[in-house]
Structure formats: C-alpha cells, structure tokens
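Student: Just so we're aligned, residue 10 is where the sequence shown starts under the numbering used here, counting upward by one. Beta carbons: idealized from backbone N, C-alpha and C, even for Gly. Remember, it's a predicted structure, so these values are computed and weren't measured experimentally. Please read through the structure below; I'll follow up with questions.
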Amino acid sequence: MTATYTFDIFATLDGFASYDAPGDWGGYWGKQGPEFLDRRLQLYGEQQRLVLGATTYRQMSEILGSDASALDPVNARMLSLPTTVVSTTLDAPLSWPNATLAPGDAVETVTRLKQESDVPLRSNGSLSLNRSLLAAGLVDRLQLTIFPVITGQTGAEPVFADAPDLDLELLESRTLDGNIQELIYKPTLHT
10 MTATYTFDIF ATLDGFASYD APGDWGGYWG KQGPEFLDRR LQLYGEQQRL
60 VLGATTYRQM SEILGSDASA LDPVNARMLS LPTTVVSTTL DAPLSWPNAT
110 LAPGDAVETV TRLKQESDVP LRSNGSLSLN RSLLAAGLVD RLQLTIFPVI
160 TGQTGAEPVF ADAPDLDLEL LESRTLDGNI QELIYKPTLH T
C-alpha cells in the first residue's frame, strides 16, 4: 500500500505564502480564529509523518525551537510528529526531537517514503520541495488554505511560481471562521 502525500500550504488570495513588509500581520496574517485553530489541531492530531525541505525546517526551528512544552497545541503537536527533512545543506543531528535527515534527492526520498510508510505523509510549506514533487506526480492531495488578504505590494514567495501545469479535482472544501477557505484537491499533471 502506498502512503498518501499531502502538500499543505497557506496562501493569500493573490497566491503568496508570506509577505515582506515592516510590522507583523501575525503567523496567519492575523486572520486565524477558533475554527481554523481547531481544524489545524485536528489535522495534526492524526498519525502522520511530516516531510519538510531545508528552508522550511530552518524557519520553523527558529520560530518553534525544540521544546514542545513552550508552544501552543498546534505547534506542539507538529513538533512531536515524526519528521523527515530532505536536504543537501543541513547536517545531522537535527534539533527537533523526532526529525531525521534525508540527504538524498527529494523525488527519490518521497517515492521511498510513500512505499514504506504506514502513515500518511504531510508537508507544510516547503515550496521548492513540493513543486518538484508536483512535477514528479507524487502529490496525492493539495490542501490550500486561503486567507482573506491580498498582499499585492508586500507578497513574497508565490506559492505556484514555476510549478508544473496541473488539473485539479476538488475533493473537499470548507469555510473556517467565516472567511478562511480550505480547499483540498487531487492534482494531476496537465497533458
């Protein structure tokens, strides 16, 4: 049996994963509410393995540290999950308690993980990693959470820049806190 791989990404309405501006909009552009936070805790409460690229791992390690007891429930749960970090630039040991380094090629690593894992795989962020996995046809679910903001002047990291052309089949959708959209798609390479 092959494990399901989900590319889980947050974006603004205009498609940016982050922003580059003075000040701080907060971790979710300041738009998170109780339904969104409950949904995230539910998602990370399930048995799964995280798969992260080096940049996302570095950013999350800097923000979260390695002590789950000092974090909110969502980030504490994320930190406690078994995690594979795909990188040719990091060195072991990694600071997260359940993280292992996979120094090889991302496509080969995820292909192997999908064949060997008894639990689903989920990647949060990790744009370049997931673009390469989309191009290789290894992403089974694209979970796109759209926050009600436009960052046309300050948007950074366009989520799908240089991604392959994809056809998307909508599998699920929900509205959280009245204005955050969660869309789950099955992507297939457009031919």
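For the region 10-67, list the alpha helix (DSSP H) runs that are entirely contained and at least 4 residues long, ordered along the chain.
Tutor: 43-54
Student: Straight-line CA distance for ASP29 to ILE159?
Tutor: When rounded, the distance between both Cα atoms is 13 Å.
Student: Helix or strand or just coil, what does DSSP make of LEU153?
Tutor: strand
Student: Under the three-state reduction of DSSP, which class applies to ALA232: helix, strand or coil?
Tutor: Since the first residue of the chain shown is 10 and the last is 200, residue 232 is not available in this structure.
Student: When the distance is taken between beta carbons, is VAL128 closer than 9 Å to ALA111?
Tutor: Contact flag unset, no.
Student: Using 8 Å as the threshold, is the region 58-67 in touch with the region 165-177, meaning 3 or more CB pairs across them?
Tutor: When Cβ pairs closer than 8 Å are counted between the two stretches, the region 58-67 is seen not to touch the region 165-177, the count staying below three.
Student: Go through its chain and collect everything with a Cβ distance to SER104's Cβ below 7 Å, but skip five positions before and after it.
Tutor: The answer, listed in chain order, is SER70, SER75.
Student: Ordered along the chain, which non-local residues of its own chain (more than five positions away) have a Cβ less than 6 Å from that of ALA145?
Tutor: VAL116
Student: Could you tell me which of THR15, PHE16, SER27, TYR14 sits nearest to PHE156, measuring between CA atoms?
Tutor: With respect to the C-alpha of PHE156, the residue from THR15, PHE16, SER27, TYR14 having the closest C-alpha is SER27.
Student: Using the C-alpha atoms, what's the distance from LEU90 back to THR154?
Tutor: Between THR154 and LEU90, the alpha-carbon positions lie close to 21 Å from each other.
Student: Beta-carbon separation of LEU143 and LEU151 under 9 Å?
Tutor: yes
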